[in-house]
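According to my numbering, the sequence shown is numbered sequentially starting from 425.
In this text, a Cβ means the ideal position worked out from N, Cα and C, and glycines have one as well.
Worksheet: one structure, shown below.
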Amino acid sequence: MWGPVYSEYPLEISKPLDLGNLKSMDWLIEKEGSLEIIKPPTHSDFEHELDRRIEKIKNEIKNDENKLSKTDKKYRKKKIADLNKTLNENEKFRDQLIVKTESIRRFLWCPICHKKNNARKFSNTENLFRVKCSCNAEWGLRDCSSCERPYPFIHNPNILQSDHLFNIDNSFGCDVLAFPNGEEYYCSHCGD
Ligand SMILES: [Zn+2]
Ligand SMILES: [Zn+2]
């Protein structure tokens, strides 16, 4: 169950047209057409800022609707339509963000002892990550030196190096992602 979850890293999210002051978070990076969540956020400032922004747009719309009957109807109507579009976009962005940050926080759950780890246990490079639990289990995405594709792995400290490969399925249960080979793993894509 964890393999496809880890393989989604980094989590992509579509970008609203105007990011404004929501830029430059250490856990959220800007790509050409989208944004990527590269680590679990440690606080929720971002969500609050987004909520404030959405409230502000809603108030602006209300304000314009109140003035609608007085002057410059055409201008107001256009402005309200534009504001509604911005509102929609920001609300969609917030909803997506909540779902995706929840998903990346799940990466902190230890697949072996089921502890919820602190975000500080998470380390990452551009497209790989790993988490190490206090139970010594380790999991994440590694890259294969042969095919260069990232593959998910779980290191279970309870498995002895001497265990025969055929026993591994029993020890990992359904969580075997990549078969260990000494300190390394067999890549789940190319088998190397
Ligand atoms: Zn653990
Ligand atoms: Zn490979």
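Item, Value
"Buried or exposed for Asn512, please, with buried defined as at least 16 other CB atoms from any protein chain shown within 10 angstroms of its CB.", "exposed"
"Can Ser570 be considered in contact with ligand 2, in the sense that its beta carbon sits closer than 7 Å to one or more heavy atoms?", "yes"
"Can you look up Phe517 in the DSSP assignment and give me helix, strand or coil?", "helix"
"Could you check how far apart the C-beta atoms of Pro434 and Glu454 are, in whole angstroms? I think they sit under 8 Å.", "Actually they are not in contact, since the Cβ atoms of Pro434 and Glu454 sit about 12 Å apart, beyond 8 Å."
"Who are the Cβ neighbours of Glu572 in its own chain at under 8 Å, not counting the five residues just before and after it?", "none"
"Can at least three beta-carbon pairs, one atom from the region 473–489 and one from the region 545–561, be found at a separation below 8 Å?", "no"
"Give the secondary structure of Trp426 by DSSP, where H, G and I count as helix, E and B as strand, and everything else as coil.", "helix"
"Going along the chain, which unbroken runs of the beta strand (DSSP E) with 3 or more residues stay wholly within the region 530–557?", "546–548 and 553–556"
"Residues in the same chain with beta-carbon distance under 8 Å from Leu507, minus the five sequence neighbours each way, listed in chain order, please.", "Ile481, Glu484, Ile485 and Asp488"
"So, for Ser595: in the same chain, excluding its five sequence neighbours on each side, which residues have a beta-carbon less than 8 Å away from its beta-carbon?", "Note that Ser595 has pLDDT 47, beneath the 50 cutoff, so the model's placement of it is unreliable and the number below is only indicative. Hits under 8 Å: Asn580, Asn582, Ile583 and Asp587."
"Can you give me the start and stop residues for the beta strand (DSSP E) that His579 sits inside?", "Pro574 to His579"
"With respect to the alpha helix (DSSP H) encompassing Leu474, which residues constitute its N-terminal and C-terminal limits?", "Asp469 to Lys491"
"Can you check whether the C-beta of Asp496 is within less than 8 Å of a C-beta belonging to chain B?", "Among the chains in the structure shown there is no chain B, since it carries only a single protein chain."
"Quick test of your reading: Asn551 and Pro574, contact by CB under 8 Å. State the CB separation rounded to the nearest angstrom.", "6 Å"
"When you measure from the CB of Arg573 to every non-hydrogen atom of ligand 2, does any distance come out below 7 Å?", "yes"
"What three-state label does DSSP hand Glu456 in the structure shown?", "coil"
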